[in-house]
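> Structure below; questions to follow.
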Amino acid sequence: MAEELSWWERARLAVGERVRLGRGPLVVLAVLCAAALAVAGWRYWDGRPEAVAPPRPVAAAAAAVHGPEPQGTRLVVDVVGKVRRPGVVQLPAGSRVADAVRAAGGATEARHEAGLNLARRLVDGEQLRVGEPAASPAGSDGAADGASGGRVSLSNATEQQLEQLPGVGPALAQHIIGYRTAHSGFATVEALRQVPGIGPHRYTQIAPLVTP
Numbered sequence: 001m002a003e004e005l006s007w008w009e010r011a012r013l014a015v016g017e018r019v020r021l022g023r024g025p026l027v028v029l030a031v032l033c034a035a036a037l038a039v040a041g042w043r044y045w046d047g048r049p050e051a052v053a054p055p056r057p058v059a060a061a062a063a064a065v066h067g068p069e070p071q072g073t074r075l076v077v078d079v080v081g082k083v084r085r086p087g088v089v090q091l092p093a094g095s096r097v098a099d100a101v102r103a104a105g106g107a108t109e110a111r112h113e114a115g116l117n118l119a120r121r122l123v124d125g126e127q128l129r130v131g132e133p134a135a136s137p138a139g140s141d142g143a144a145d146g147a148s149g150g151r152v153s154l155s156n157a158t159e160q161q162l163e164q165l166p167g168v169g170p171a172l173a174q175h176i177i178g179y180r181t182a183h184s185g186f187a188t189v190e191a192l193r194q195v196p197g198i199g200p201h202r203y204t205q206i207a208p209l210v211t212p
């Protein structure tokens with residue numbers, strides 16, 4: 001017969017059996033807690049607002065570069081006379097007479113540029129005559145529009161006509177007009193020497209091209 005266990009050994013075995021049987025629920029509880037924590041963590045991260053980067057202005061910049069050119073940035077000028085390719089040319093705003101002559105192929109001979117102020121700024125829609133006298137309006141004579149026999153009348157020429165003279169820009173044209181206003185015109189071509197800004201060299205350039 002098996003040896004009878006003492007009361008102490010029976011008690012120890014009973015306690016160990018209870019502990020063994022109680023481990024199952026603890027394991028299940030631990031698994032459930034871990035699953036609950038995982039679900040809660042996923043919901044937290046999924047519910048966070050996602051940072052959205054602002055759109056890059058690439059399309060707007062491209063439209064600005066390739067879009068239609070703004071009005072007022074081009075000039076249309078009719079170039080006629082002694083140039084290689086007379087006709088209408090388009091130039092950027094702020095272009096000078098020299099740019100228009102170049103766009104028309106240049107003067108056929110250098111001497112045809114002698115009567116032009118190549119540094120003058122162009123005006124949209126104007127007609128630039130190279131190597132030819134300025135056109136007279138219908139029904140008017142040369143003196144009325146400031147030209148006489150291809151020369152410019154100092155007493156009647158407009159500011160634009162004066163600017164066609166070599167070395168004469170807007171400022172000097174205003175000085176010429178101011179002098180003739182103060183003296184009721186030019187009595188002689190030599191009176192041009194008294195205009196501020198006209199020195200001996202410039203006078204020799206202008207004198208053959210003007211009349212009083």
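For the sequence shown, position 81 matches number 81 in UniProt numbering, and the numbering has no gaps at all. Ideal Cβ placement from N, Cα and C applies to all residues, glycine included. Keep in mind that this is a model prediction, so the values were computed, not measured.
1. Ignoring anything shorter than 3 residues or poking outside the region 111 to 135, list the beta strand (DSSP E) runs there in chain order.
2. Note down the Cα distance separating A100 from Q164, rounded to an integer number of angstroms.
3. What residue from L122, T188 and T108 has the CA that sits closest to A93's CA?
4. Between I198 and R84, what straight-line distance do the alpha-carbon atoms span, to the nearest angstrom?
5. Taking A110 and P166 to be in contact with their CB atoms under 8 angstroms, please state how far apart those CB atoms are, rounded to whole angstroms.
6. Within 10 angstroms of the Cβ of R43, are there 16 or more other Cβ atoms? Answer buried if so, exposed if not.
7. What is the residue span of the beta strand (DSSP E) that V79 lies within?
8. Among L32, A171 and S184, which has the Cα closest to the Cα of residue 293?
9. Are the CB atoms of G125 and V76 within a distance shorter than 8 angstroms?
10. Which runs of the alpha helix (DSSP H) spanning at least 4 residues fall entirely within the region 153 to 197, listed in chain order?
11. In the DSSP assignment, the beta strand (DSSP E) including P200 goes from what residue to what residue?
12. Can you tell me which residues form a DSSP beta bridge with T211?
13. Could you check what DSSP says for A107 in three-state terms: helix, strand or coil?
14. Nearest-angstrom Cα distance between A157 and R96?
15. For E190, tell me which candidate among I206, S184, A182 and T181 has the shortest Cα-Cα distance.
16. Going by DSSP, which residues form a beta bridge with G87?
Concretely, from the data shown:
1. 127 to 130
2. 14 angstroms
3. L122
4. 33 angstroms
5. The pair is not a contact, with the Cβ atoms about 13 angstroms apart (cut-off 8 angstroms).
6. exposed
7. R74 to G81
8. This structure cannot settle anything about residue 293, because the visible part of the chain is limited to 1 through 212.
9. yes
10. 159 to 162 and 170 to 182
11. Run containing P200: none in the beta strand (DSSP E); it sits in the alpha helix (DSSP H), P200 to I206.
12. S153
13. strand
14. 21 angstroms
15. I206
16. V79
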